[in-house]
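Residue numbers (the numbering used here): 52 to 223.
Just below is one structure, and these are the notes that go with it.
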């Protein structure tokens, strides 16, 4: 265990490092085995059906993902922090990440999953790693229909019981 996270340390005032708070994670009493996210208006905006999806590209310099007329897909700012904690905090080392989105634009969403970069913390606080959402997600279910069907499929694919899943959606 890193010295600055050792039991008994005063975590609220430890050190002069301004990034210290970013390294200290809240202790959860229950850890979900699968954290599932909806896409449109939960992880990103605009919705996939608003894009002109015949040509979606990623700028190699800026990493911006845009459609044919220049509309940009944006993550909500908190998404980077949430996914970073799920992928780097030791208490979530056995937690999987899933996507459950009911939409008609399946291929567009899958393409955007493979283009959108998520910034994750590295081993050092100053180190940042970029991975696509496609690389981060362990399970992906994108198709029109009921979220109940999505979750039955996620349960079948993952072997994880419903009560061990945590679902994030703007439409609940």
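The C-beta atom is built at its ideal place from N, Cα and C for all residues, glycine as well.
Residue i - DSSP class collapsed to helix/strand/coil
| i | result |
| --- | --- |
| residue 201 | helix |
| residue 149 | strand |
| residue 96 | strand |
| residue 103 | coil |
| residue 187 | helix |
| residue 194 | coil |
| residue 120 | coil |
Close Cβ partners of residue i (< 7 Å) along its chain, the five nearest in sequence each way excluded
| i | result |
| --- | --- |
| residue 91 | 98, 99, 152, 154 |
| residue 94 | 88, 126, 127, 130 |
| residue 26 | Not covered by the structure: residue 26. The range shown for the chain is 52 to 223. |
| residue 213 | 202, 206 |
Beta-carbon proximity check, residue i vs residue j, cutoff 9 Å
| i | j | result |
| --- | --- | --- |
| residue 219 | residue 86 | yes |
| residue 150 | residue 192 | yes |
| residue 133 | residue 163 | no |
| residue 101 | residue 122 | yes |
| residue 187 | residue 109 | no |
| residue 181 | residue 114 | yes |
Straight-line gap, residue i to residue j (C-alpha atoms, nearest Å)
| i | j | result |
| --- | --- | --- |
| residue 142 | residue 171 | 16 Å |
| residue 117 | residue 107 | 6 Å |
| residue 140 | residue 203 | 28 Å |
| residue 190 | residue 183 | 14 Å |
| residue 178 | residue 217 | 28 Å |
| residue 223 | residue 78 | 26 Å |
| residue 146 | residue 83 | 6 Å |
| residue 197 | residue 157 | 15 Å |
| residue 144 | residue 80 | 15 Å |
| residue 168 | residue 96 | 14 Å |
Beta-carbon proximity list for residue i, same chain, < 6 Å, skipping 5 on both sides
| i | result |
| --- | --- |
| residue 119 | 103, 105, 106 |
| residue 185 | 164, 165 |
Residues near residue i in its chain [Cβ-Cβ closer than 8 Å; skip 5 each side]
| i | result |
| --- | --- |
| residue 112 | none |
| residue 211 | 84, 85, 147, 205 |
Interface flag, residue i vs chain D, CB-CB below 9 Å
| i | result |
| --- | --- |
| residue 88 | Included in the structure is just one protein chain, with no chain D present. |
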